[in-house]
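Here my numbering is used: the sequence shown runs in plain steps of one and ends on residue 882. Working notes, beginning with the structure itself.
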Amino acid sequence: MYRFLILLTVLCLPAMANPLASLNKYGEGEMKAFFWSLYKAELYGTQETYSPNDKHLALKITYHRNIRKQALINATNEQWQHIGINHPQTEAWLTDLSTIWPDVKPGDTLIVKRNTDGTTTFFNTTNVLGSIQHPDFAEAFLSIWLSEKTSRPKLRQALLGHTQ
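Structure below.
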């Protein structure tokens with residue numbers, strides 16, 4: 719029984735490991751709509767300062783409001799349209815997100831991490847929620863915040879570590 723518990727613990731460690739361990743925080747900012755703060759976003763990577771070539775970028779979002787997953791998916795699609803993402807896999811990615819993302823409530827955290835193998839993994843505070851295997855997804859998704867065409871340029875600047 720003791721060996722089984724050790725084996726189970728070792729097998730579960732990757733799912734419980736901190737996806738931001740060994741990454742540097744580049745910046746953080748608040749996403750606001752009208753008078754409300756919707757979430758706090760933090761950008762992490764392996765370099766000392768932000769580089770778009772960083773293969774280990776991670777975005778941590780801590781929510782301040784209740785938001786249904788369908789609203790998150792709709793907002794993702796709207797932002798892709800805003801910045802001009804026109805990828806043939808967009809609809810498939812949105813379907814994948816509907817199976818990965820939960821509804822969120824105040825205090826919930828979602829982390830998206832771009833991996834060196836081209837996959838993108840989503841985490842909550844303690845668990846892996848799911849992955850998208852397509853190598854273009856991470857760039858498309860992170861472009862919502864990091865593209866020069868983003869609808870939230872002040873948030874982009876804060877995430878990149880540029881202070882005003």
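For each residue, glycine too, the CB sits at the ideal point set by N, CA and C. Since the model is a prediction, treat every value here as computed from it, not as a measurement.
_I believe Gly-763 touches Ser-769 by the beta-carbon criterion, under 8 angstroms. Please report the beta-carbon distance rounded to the nearest angstrom._
Locating residue 763 in the sequence shown gives position 45, counting from the first residue. Locating residue 769 in the sequence shown gives position 51, counting from the first residue. Indeed, because the Cβ distance is near 7 angstroms, the residues count as touching under 8 angstroms.
*Pull up the distance between the alpha-carbon of Lys-743 and that of Ser-869, whole angstroms please.*
For the purposes of this step, residue 743 is identified with residue 25 of the sequence shown, where counting begins at 1. For the purposes of this step, residue 869 is identified with residue 151 of the sequence shown, where counting begins at 1. In a straight line, the C-alpha of Lys-743 is about 22 angstroms away from that of Ser-869.
*Measuring CB to CB, does Lys-778 end up less than 8 angstroms from Glu-760?*
Taking the sequence shown and counting its residues from 1, the one referred to as residue 778 is at position 60. Taking the sequence shown and counting its residues from 1, the one referred to as residue 760 is at position 42. It is a contact, given that the beta carbons lie within the stated cut-off.
*Tell me, to the nearest whole angstrom, how far the beta carbon of Val-830 is from that of Ala-789; I am working on the premise that it is less than 8 angstroms.*
As a working mapping, residue 830 is identified with position 112 in the sequence shown. As a working mapping, residue 789 is identified with position 71 in the sequence shown. In fact, because the Cβ distance is near 17 angstroms, the residues do not count as touching under 8 angstroms.
*From what residue to what residue does the alpha helix (DSSP H) around Ser-816 run?*
Numbered from its first residue, the sequence shown carries residue 816 at position 98. Note, Ser-816: alpha helix (DSSP H), 808-818.
*asked:* Quick check: the Cα distance between Gly-747 and Gly-848, rounded to an integer number of angstroms?
replied: For the purposes of this step, residue 747 is taken as residue 29 along the sequence shown, with counting starting at 1. For the purposes of this step, residue 848 is taken as residue 130 along the sequence shown, with counting starting at 1. Rounded to whole angstroms, Gly-747 to Gly-848 spans 25 angstroms at the Cα level.
*asked:* If I follow the unbroken beta strand (DSSP E) through Ala-776, where does it start and stop?
replied: Within the sequence shown, residue 776 is the residue found at index 58, counting from 1. Ala-776 -> beta strand (DSSP E) spans 776-781.
_Using a Cβ distance threshold of 8 angstroms, determine whether the stretch 802-818 contacts the stretch 844-864, with at least three qualifying pairs required._
yes
*asked:* Taking the alpha-carbon of Ala-884 as reference, which of Leu-877, Thr-843, Lys-823 and Thr-794 has the nearest alpha-carbon?
replied: The first residue shown for the chain is 719 and the last is 882, placing residue 884 beyond what the model contains.
*Is the Cβ-Cβ distance between Ile-818 and Ala-858 less than 8 angstroms?*
Within the sequence shown, residue 818 is the residue found at index 100, counting from 1. Within the sequence shown, residue 858 is the residue found at index 140, counting from 1. No, Cβ-Cβ distance for Ile-818 and Ala-858 is not below 8 angstroms.
*Under the rule that 16 or more other beta-carbon atoms within 10 Å means buried, what is Glu-825, buried or exposed?*
As a first step, residue 825 must be located in the sequence shown, where it is residue number 107. According to the sequence displayed, residue 825 carries Gly and not Glu. Exposed, because fewer than 16 other Cβ atoms sit within 10 Å of the Cβ of Gly-825.
_Alpha-carbon to alpha-carbon, Leu-873 and Trp-863_ = Residue numbering aside, residue 863 sits at position 145 when the sequence shown is read from its first letter. Residue numbering aside, residue 873 sits at position 155 when the sequence shown is read from its first letter. Those two C-alpha atoms are separated by around 7 angstroms.
*In three-state DSSP terms, what is Ile-803?*
Translated into the one-based positions of the sequence shown, residue 803 becomes position 85. Judged by DSSP in its simplified three-state form, Ile-803 adopts coil rather than helix or strand.
*Should Ser-816 be labelled buried (16 or more other beta-carbon atoms within 10 Å of its own) or exposed?*
Here residue 816 refers to the residue found at position 98 of the sequence shown. Answer is exposed; the Cβ neighbour count stays below 16.
_Please state the DSSP three-state secondary structure of Glu-796._
Taking the first residue of the sequence shown as 1, we reach residue 796 at position 78. Looking at Glu-796 - three-state DSSP - the assignment turns out to be helix.
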